[in-house]
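In my numbering, the protein residues as written are 390 to 575.
For each residue, glycine too, the CB sits at the ideal point set by N, CA and C.
None of the values given here were measured: they were computed from a predicted structure.
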Amino acid sequence: MKSEKEKMLAGEPFDAHGEEMIAIRTKVKHILHKLNVTEYYTDKFQDTINELCPNSAKNIHLEPPFYCDYGENIFAGDGVFINFGAVILDGAKVSIGRKTLIAPGVHIYTARHPLNIKDRRVWEDVRPITIGEECWIGGHATICPGVTIGDRSVIGAGSVVTKDIPADCLAVGNPARVVKQLNQKD
Numbered sequence: 390m391k392s393e394k395e396k397m398l399a400g401e402p403f404d405a406h407g408e409e410m411i412a413i414r415t416k417v418k419h420i421l422h423k424l425n426v427t428e429y430y431t432d433k434f435q436d437t438i439n440e441l442c443p444n445s446a447k448n449i450h451l452e453p454p455f456y457c458d459y460g461e462n463i464f465a466g467d468g469v470f471i472n473f474g475a476v477i478l479d480g481a482k483v484s485i486g487r488k489t490l491i492a493p494g495v496h497i498y499t500a501r502h503p504l505n506i507k508d509r510r511v512w513e514d515v516r517p518i519t520i521g522e523e524c525w526i527g528g529h530a531t532i533c534p535g536v537t538i539g540d541r542s543v544i545g546a547g548s549v550v551t552k553d554i555p556a557d558c559l560a561v562g563n564p565a566r567v568v569k570q571l572n573q574k575d
């Protein structure tokens, strides 16, 4: 029989409110407290980022306050910068390509909840998110479960990304839609 964490990582419906999952998130909240409050102005700050996100490059930057569920499911590449107020619900893998910039207040959600109330009372599931290399995610954008954003794309401020966005595109709006091709040779 699988644990709730094993179900979550397998992308299966799981109970996020059981003792096991609460204990894991509580441990993460202690690390987040260090990141957001006690270690920000110390030489231990980068070590705290690396403790929170052990599967990310050692030179990513998280500007406090930062919030996530697990941290270990965030896979951020070299030079990723995540500005203040970001929220990453990382029940599934969140891949962020190298040199991607994430503006203030961006929310990245892997969690999905059933529409049926009876199901919603007992389970949720998660879908991975991939953000390519050298992307720019504008302030207060929301990235929904299961979305892939291609390399070098820009997501406009306040956009809600519900579907995949190809590489080298500017996407804006709610829901976000491609409005311009970027980085095209003349």
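Query	Result
Proximity test, Cβ basis, 8 Å: valine 567 and chain D	This model lacks chain D altogether; it includes just one protein chain.
Unbroken alpha helix (DSSP H) run spanning lysine 423, endpoints	Per DSSP, lysine 423 belongs to no alpha helix (DSSP H) and is neither H nor E.
Residues bridged to arginine 501 [DSSP beta-bridge criterion]	Asp514
Close beta carbons around valine 550, own chain, < 8 Å, minus the five adjacent residues each side	Ala530, Thr531, Ile532, Cys533, Val536, Ile538, Ile544, Ala560, Pro564, Ala565
Three-state secondary structure assigned by DSSP to valine 417	helix
Nearest to alanine 475 (by Cα), restricted to the options Ala481, Glu408, Gly460	Gly460
Residue nearest to tryptophan 525 in terms of C-alpha spacing, selected from Ile413, Leu490, Ile485	Leu490
Which of helix, strand or coil DSSP assigns to glutamine 573	coil
Reduced DSSP category for alanine 405 - H, G, I as helix; E, B as strand; rest coil	coil
Rounded straight-line distance, which links the Cα of glutamate 440 to that of asparagine 472	18 Å
Through-space distance from leucine 451 to glutamine 435, alpha-carbon basis	9 Å
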